[in-house]
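Undergrad:
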Ligand SMILES: [Mg+2]
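In this note's numbering, the protein residues as written are 16 to 418.
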């Protein structure tokens with residue numbers, strides 16, 4: 016039997032804000048969506064006041080006074096999310112991040128390694144995340160992902176459980192008898208309505224059906240659901256990140272243009288995006304392509320093999336400039352640009368830093384600092400002199416061509 020845990024941070028965005036500003040603790044706090052449109056996270060106090068998820072801010076402000084409304088800070092949330100995931104990696108490499116604040120971890124067999132029960136392992140994980148990182152979590156444990164998710168919901172709702180809950184194999188029958196199908200992970204309104212049509216409301220009624228019927232009603236997922244509900248893992252924890260073969264970033268200009276500096280700056284912008292992703296994935300590129308698309312949709316490309324594989328825009332941009340100079344024609348009007356990184360390889364874990372020249376080392380340090388700042392304060396928090404987001408409305412130098 017597998018032992019799968021779901022670790023889920025409580026009111027995650029609000030908890031991150033409270034971590035940075037403890038005066039927000041034990042207060043009604045809501046975090047807002049992009050442009051402060053609506054509510055995307057609530058503290059327990061805000062939930063108790065009855066503020067709905069997704070509620071528009073202008074209505075909430077009128078109806079719910081004495082609530083602290085905060086603009087979202089995704090850089091901060093990503094940073095804390097990374098810390099939580101790193102903590103989980105200390106326990107097992109078998110971790111599957113499901114969302115910014117949730118991850119499945121496969122604990123199968125770890126009981127022997129840690130010489131304690133599975134319950135004690137999840138209690139320890141919870142304790143470490145809460146004391147060392149500072150955000151509250153709930154953890155559900157069961158023999159399948161679907162039941163782990165259900166256990167986690169119980170851990171969150173039932174205060175007597177202290178934030179962890181294990182559904183044992185022997186408890187499954189009773190739990191399925193008590194649980195309505197719409198409370199199951201992956202069963203939305205439409206699927207629930209489909210089963211209701213056949214008089215099926217409880218999970219215990221799903222597992223009584225034969226596979227042939229379930230397949231007819233809900234396809235392969237019907238059979239998988241039955242297995243998962245019975246505690247037989249049909250969806251294993253998938254931890255392996257599938258690495259891309261190439262990375263590309265392209266976008267259209269806000270206006271058609273022939274402006275040489277503007278186009279070059281847009282390429283530097285894409286180059287940073289590509290390199291940042293390469294670093295994130297631990298990859299480096301051997302081949303770089305520069306692409307320009309003309310107003311009449313002609314695509315012009317030029318590529319080169321780098322002297323050595325790289326993930327640094329500070330090194331790659333000099334080659335980007337060379338490639339650009341080769342294909343740019345001041346008589347042509349362009350609509351978009353792009354950078355492709357190709358022939359990707361994983362960076363050797365034991366690189367011989369000794370043999371890197373000063374320039375490479377400096378470029379590496381700068382890129383690292385840049386990534387850290389972006390992680391903390393969000394993308395586009397600053398840019399270097401020669402890059403320009405082509406999507407942003409901008410004053411183009413020289414002649415403008417409106418679409
Ligand atoms: Mg959560």
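Just so it is clear, CB atoms sit at the ideal spot from N, CA and C, and this is done for glycine as well.
Near residue 126, what residues of its chain come up, given a Cβ to Cβ distance below 8 Å and the 5 sequence neighbours on each side ignored?
TA: What you label residue 126 is simply residue 111 of the chain shown in a count that begins at 1. Correct list, in chain order: 18, 132, 133, 136.
Undergrad: Between which two residues does the beta strand (DSSP E) containing residue 304 stretch?
TA: Numbered from its first residue, the chain shown carries residue 304 at position 289. 298-309 is the extent of the beta strand (DSSP E) around residue 304.
Undergrad: DSSP state of residue 175, grouped into three classes?
TA: Numbered from 1 along the chain shown, position 160 holds the residue referred to as residue 175. Note: residue 175 maps to helix in three-state DSSP.
Undergrad: Quick test of your reading: residue 194 and residue 165, contact by CB under 8 Å. State the CB separation rounded to the nearest angstrom.
TA: By 1-based counting over the chain shown, the position of residue 194 is 179. By 1-based counting over the chain shown, the position of residue 165 is 150. At roughly 7 Å, the Cβ-Cβ gap stays under 8 Å, so residue 194 and residue 165 are in contact.
Undergrad: Taking the Cβ atom as the reference point for each residue, do residue 379 and residue 327 lie within a distance shorter than 8 Å?
TA: Here the question's residue 379 lines up with position 364 in the chain shown. Here the question's residue 327 lines up with position 312 in the chain shown. Yes, the pair counts as a contact, with Cβ atoms nearer than the cut-off.
Undergrad: Would residue 331 and residue 303 qualify as a contact pair, given that the criterion is a beta-carbon distance under 8 Å?
TA: One-based indexing of the chain shown puts residue 331 at position 316. One-based indexing of the chain shown puts residue 303 at position 288. Yes.
Undergrad: My guess is that residue 250 and residue 160 are in contact by the Cβ rule of under 8 Å, so how many angstroms apart are they, rounded?
TA: Within the chain shown, the letter at position 235 stands for residue 250. Within the chain shown, the letter at position 145 stands for residue 160. About 5 Å separates the two Cβ atoms, so the contact holds.
Undergrad: Hey, is residue 383 close to ligand 1, as in C-beta under 7 Å from one of its heavy atoms?
TA: For the purposes of this step, residue 383 is taken as the residue at position 368 of the chain shown. Flag unset: Cβ of residue 383 not near ligand 1.
Undergrad: Could you check where the alpha helix (DSSP H) with residue 35 kicks off and where it finishes?
TA: Looking up residue 35 in the chain shown gives position 20. Segment 27-35, the alpha helix (DSSP H) holding residue 35.
Undergrad: Is the segment 143-156 touching the segment 177-191, taking contact as three or more C-beta pairs under 8 Å?
TA: Touching, yes, given that three or more Cβ pairs across the two stretches are closer than 8 Å.
Undergrad: Check whether the Cβ atoms of residue 232 and residue 209 lie closer than 8 Å to each other.
TA: For the purposes of this step, residue 232 is taken as the residue at position 217 of the chain shown. For the purposes of this step, residue 209 is taken as the residue at position 194 of the chain shown. Yes, Cβ-Cβ distance for residue 232 and residue 209 is below 8 Å.
Undergrad: Identify every residue that forms a DSSP beta bridge with residue 71.
TA: Residue 71 sits at position 56 when you count from the first residue of the chain shown. Residue 71 pairs with 53.
Undergrad: Please go through the same chain and pick out, in chain order, the residues whose beta-carbon is closer than 6 Å to the beta-carbon of residue 21, but skip the five residues on each side of it.
TA: Along the chain shown, one-based indexing puts residue 21 at 6. 119, 155, 163, 164, 167, listed in sequence order.
Undergrad: With a threshold of 7 Å (Cβ to nearest heavy atom), would residue 24 be considered close to ligand 1?
TA: Residue mapping note: residue 24 aligns to position 9 of the chain shown, counting from 1. Indeed, a heavy atom of ligand 1 lies less than 7 Å from the Cβ.
Undergrad: Can you find the residues in the same chain that come closer than 7 Å, C-beta to C-beta, to residue 286, ignoring five residues on each side of it along the sequence?
TA: Your numbering for residue 286 matches position 271 in the chain shown. Excluding sequence neighbours, residue 286 sits near 328, 331, 332, 335, 354.
Undergrad: Taking DSSP as the reference, what is the three-state secondary structure of residue 284?
TA: Translated into positions along the chain shown, residue 284 becomes position 269. If DSSP states are grouped into helix, strand and coil, residue 284 belongs with the helices.
Undergrad: What three-state label does DSSP hand residue 367 in the structure shown?
TA: Within the chain shown, the letter at position 352 stands for residue 367. Interpretation of residue 367 is limited by its pLDDT of 46, a score under 50 that renders its predicted location unreliable; the figure taken from the coordinates is listed afterwards. Three-state DSSP puts residue 367 in coil, outside helix and strand.
Undergrad: What does DSSP give as the partner residues of residue 353 in its beta bridges?
TA: Mapped onto the chain shown, residue 353 falls at position 338. 265, 306.
Undergrad: With three or more C-beta pairs closer than 8 Å as the rule, is the segment 54-67 touching the segment 75-84?
TA: Contact holds: three or more Cβ-Cβ distances are below 8 Å.
Undergrad: For residue 119, write down the residues that DSSP places opposite it in a beta bridge.
TA: Here residue 119 corresponds to residue number 104 of the chain shown, with the count starting at 1. DSSP output for residue 119 lists 21, 111 as bridge partner(s).
Undergrad: Near residue 417, what residues of its chain come up, given a Cβ to Cβ distance below 8 Å and the 5 sequence neighbours on each side ignored?
TA: Position 402 of the chain shown, counting from 1, holds the residue named residue 417. Low per-residue confidence applies at residue 417: pLDDT is 33, beneath 50, and the placement is therefore not dependable, though the value from the model is reported in the following sentence. Cβ within range, chain order: 270, 271.
Undergrad: Look up residue 362 in the DSSP assignment and say whether it is helix, strand or coil.
TA: Numbered from its first residue, the chain shown carries residue 362 at position 347. The answer is coil: DSSP assigns residue 362 none of H, G, I, E or B.
Undergrad: For ligand 1, I want to know if residue 271 counts as a neighbour, meaning its beta carbon is within less than 7 Å of at least one of the ligand's heavy atoms.
TA: Counting from one through the chain shown, the residue named residue 271 turns up at place 256. Every heavy atom of ligand 1 is 7 Å or more from the Cβ of residue 271, so no.
Undergrad: Can you name, in chain order, every residue of its own chain whose Cβ lies under 7 Å from the Cβ of residue 237, other than the five neighbours on each side?
TA: By one-based count along the chain shown, residue 237 stands at place 222. Here the set comprises 229, 230.
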